[in-house]
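Numbering (full-length UniProt numbering) for the sequence shown: 1 to 348. We put the beta carbon where it would ideally sit given N, CA and C, even for glycine. First up is the structure itself, then whatever we jot down about it.
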Amino acid sequence: MHWRPSKLQTMFTRRSPTFKRQDQVVFFQELGELLQSGYSIAQSLDILAAAHERWVTWLTRVKHGLNQGIPLNIILDHDVSRPILLQIKLADQHGNLSQTLVEIGQNLAQIQQQQQKIKQVLQYPLVLICLLFVMLVGMRCFLYPILQQWQGAPDNTTSQTSQTFYLIIGILIGLIGLGILRWRQMLAQRRLVILAHLWWIGPIVKAIVTYQVAQQLATLLANGLTVPEIIEEMCDVRAAKNKHLAVVLAEDARRWLKTGQTLSEYILKQPYYNRALAGYFSRGHEPQVLAGYLAYYAKNQLQQVMQRTNRLIGTLQPLFFGIIGLAIIAVYLSMLLPMYQTIGGLYQ
Numbered sequence: 001m002h003w004r005p006s007k008l009q010t011m012f013t014r015r016s017p018t019f020k021r022q023d024q025v026v027f028f029q030e031l032g033e034l035l036q037s038g039y040s041i042a043q044s045l046d047i048l049a050a051a052h053e054r055w056v057t058w059l060t061r062v063k064h065g066l067n068q069g070i071p072l073n074i075i076l077d078h079d080v081s082r083p084i085l086l087q088i089k090l091a092d093q094h095g096n097l098s099q100t101l102v103e104i105g106q107n108l109a110q111i112q113q114q115q116q117k118i119k120q121v122l123q124y125p126l127v128l129i130c131l132l133f134v135m136l137v138g139m140r141c142f143l144y145p146i147l148q149q150w151q152g153a154p155d156n157t158t159s160q161t162s163q164t165f166y167l168i169i170g171i172l173i174g175l176i177g178l179g180i181l182r183w184r185q186m187l188a189q190r191r192l193v194i195l196a197h198l199w200w201i202g203p204i205v206k207a208i209v210t211y212q213v214a215q216q217l218a219t220l221l222a223n224g225l226t227v228p229e230i231i232e233e234m235c236d237v238r239a240a241k242n243k244h245l246a247v248v249l250a251e252d253a254r255r256w257l258k259t260g261q262t263l264s265e266y267i268l269k270q271p272y273y274n275r276a277l278a279g280y281f282s283r284g285h286e287p288q289v290l291a292g293y294l295a296y297y298a299k300n301q302l303q304q305v306m307q308r309t310n311r312l313i314g315t316l317q318p319l320f321f322g323i324i325g326l327a328i329i330a331v332y333l334s335m336l337l338p339m340y341q342t343i344g345g346l347y348q
């Protein structure tokens, strides 16, 4: 028998603000540790409210919801992702809530670390391209007009050159804007496929997706569910409000399984999974045994993410520093050569 919220309780959960990822990491880890230390959940929330003043209003609403008999996973429905809600729900049912909350906090911290690594990889080319763009615009708008005045260039030539320059810049900005808009409108799974095929971050994306899927399955299998039950839970109708990537992948897996395909065959046909993951589902392990294997494999994938990201950053850093160095030299030459020509013309 499933718990059904009343209209007032549903309105209560909707008013709750969304927690940022870094807040979720601290909240789950500290709440789990307090529960493990013997505090009740009400006492734990009071301690957290005293330690984190910016959470007071939100924690008061959480405590009020618990006093009304609302399950914790329902209260947090609009604050955290669907996979986390499912873990909390199962942990609450099986009596291992404190340990699960600590694990959720640790997993969120690892995912946050992965995202920071990916941002580091992507920031190098973006920052350097923006820097070069600013330098070129600055030269075109401020330096070149002065040099052209020294050289006595005709105004119509200057005007035509400026129009061509601004037209090119406008086209580039328009193309970039359209690309960003198209990317945001693209389905999450389609974006994942594109990222998985990029030669420089594709292996990292595969390792991250494989890690997260293996980690989620390991946690849920350890709570007593089978893989088909996990997929069905992830595809629950309530998830339609929050299309988390894990929900999208679960819905895709369910469609494949309904066609008679096995889970191993499904994984092998997806470009964003490492193929080794499929082997764990073709050996007929019991759920508890499979959970242990997947937990170990998830740790291995996390190490792969860190190693590949550090290696990629180590490769990109000197490469792009070299590019920016050459660009700076080209900028200096473009400034100095016209100046030398102008100065030489004064002595003729």
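Does the Cβ-Cβ distance between residue i and residue j come in under 9 Å?
{"i": "Leu-268", "j": "Ala-253", "result": "no"}
{"i": "Thr-210", "j": "Glu-103", "result": "no"}
{"i": "Leu-76", "j": "Leu-85", "result": "yes"}
{"i": "Leu-217", "j": "Leu-294", "result": "yes"}
{"i": "Leu-187", "j": "Val-205", "result": "no"}
{"i": "His-197", "j": "Pro-287", "result": "no"}
{"i": "Ala-207", "j": "Asn-274", "result": "yes"}
{"i": "Pro-112", "j": "Val-25", "result": "The amino acid at residue 112 is misidentified as Pro; the sequence shows Gln. Yes, the pair counts as a contact, with Cβ atoms nearer than the cut-off."}
{"i": "Ala-51", "j": "Leu-66", "result": "no"}
{"i": "Gln-29", "j": "Leu-101", "result": "yes"}
{"i": "Arg-308", "j": "Pro-203", "result": "yes"}
Hey, how far is the Cα of residue i from the Cα of residue j?
{"i": "residue 359", "j": "Leu-108", "result": "Residue 359 lies beyond the residue range present for the chain, which begins at 1 and ends at 348; the question has no answer from this structure."}
{"i": "Leu-312", "j": "Phe-133", "result": "24 Å"}
{"i": "Glu-251", "j": "Arg-61", "result": "32 Å"}
{"i": "Trp-199", "j": "Ile-323", "result": "20 Å"}
{"i": "Gly-138", "j": "Pro-318", "result": "26 Å"}
{"i": "Leu-59", "j": "Tyr-332", "result": "58 Å"}
{"i": "Gly-69", "j": "Ile-88", "result": "15 Å"}
{"i": "Ala-330", "j": "Gln-123", "result": "23 Å"}
{"i": "Ala-240", "j": "Cys-141", "result": "Low per-residue confidence applies at Ala-240: pLDDT is 44, beneath 50, and the placement is therefore not dependable, though the value from the model is reported in the following sentence. About 50 Å."}
{"i": "Gly-292", "j": "Leu-257", "result": "24 Å"}
{"i": "Lys-20", "j": "Asn-300", "result": "27 Å"}
{"i": "Asn-96", "j": "Leu-35", "result": "10 Å"}
{"i": "Gln-261", "j": "Glu-232", "result": "16 Å"}
{"i": "Arg-255", "j": "Gly-170", "result": "44 Å"}
{"i": "Met-135", "j": "Leu-316", "result": "21 Å"}
{"i": "Gln-110", "j": "Ile-168", "result": "43 Å"}
{"i": "Cys-130", "j": "Leu-245", "result": "30 Å"}
{"i": "Lys-117", "j": "Gln-99", "result": "27 Å"}
{"i": "Leu-221", "j": "Ala-327", "result": "54 Å"}
{"i": "His-64", "j": "Ala-49", "result": "13 Å"}
{"i": "Val-80", "j": "Asp-236", "result": "16 Å"}
{"i": "Glu-229", "j": "Phe-27", "result": "28 Å"}
{"i": "Ile-201", "j": "Gly-177", "result": "22 Å"}
{"i": "Asn-242", "j": "His-78", "result": "Low confidence applies to Asn-242: its pLDDT is 46, below 50, so where it sits in the model is not reliable enough to give any reading."}
{"i": "Leu-302", "j": "Thr-164", "result": "49 Å"}
{"i": "Glu-265", "j": "Gly-224", "result": "24 Å"}
{"i": "Ile-173", "j": "Ser-44", "result": "51 Å"}
{"i": "His-285", "j": "Gln-215", "result": "17 Å"}
{"i": "Lys-119", "j": "Gly-314", "result": "14 Å"}
{"i": "Arg-182", "j": "Ile-74", "result": "34 Å"}
{"i": "Val-56", "j": "Ser-40", "result": "18 Å"}
{"i": "Ile-180", "j": "Thr-259", "result": "35 Å"}
{"i": "Ala-276", "j": "Gly-325", "result": "42 Å"}
For residue i, report the span of its alpha helix (DSSP H) as first-last.
{"i": "Gln-216", "result": "202-222"}
{"i": "Leu-195", "result": "188-196"}
Roughly how far, in whole angstroms, is the beta-carbon of residue i from the beta-carbon of residue j, given that I think they are within contact range, below 8 Å?
{"i": "Gly-105", "j": "Gly-38", "result": "Their Cβ separation, rounded to whole angstroms, is 19 Å, which puts Gly-105 and Gly-38 out of contact at 8 Å."}
{"i": "Leu-290", "j": "Tyr-280", "result": "6 Å"}
{"i": "Val-248", "j": "Gln-189", "result": "5 Å"}
{"i": "Leu-195", "j": "Val-227", "result": "No, Leu-195 and Val-227 are not in contact; Cβ-Cβ is about 25 Å, not under 8 Å."}
{"i": "Arg-82", "j": "Met-234", "result": "7 Å"}
{"i": "Asp-92", "j": "Pro-71", "result": "6 Å"}
{"i": "Phe-320", "j": "Leu-128", "result": "5 Å"}
Would you say the beta carbon of residue i is closer than 8 Å to some non-hydrogen atom of the ligand ZN?
{"i": "Ile-171", "result": "Among the components of this structure there are no ligands whatsoever, and the ligand ZN is therefore not found."}
Are any of the Cβ atoms in chain B nearer than 9 Å to that of residue i?
{"i": "Lys-269", "result": "Annotation note: the requested chain B is absent from the structure, which comprises a single protein chain."}
Ordered list of alpha helix (DSSP H) runs contained in the UniProt domain "Type II secretion system protein GspF" (27-145), each at least 4 residues: Runs of the alpha helix (DSSP H) inside the UniProt domain "Type II secretion system protein GspF" (27-145): 41-51, 56-67, 72-75, 82-94, 97-138.
Alpha helix (DSSP H) runs contained entirely in the UniProt domain "Type II secretion system protein GspF" (214-338), provided each spans 4 or more residues: List check, alpha helix (DSSP H) in window: 227-234, 245-258, 263-268, 276-279.
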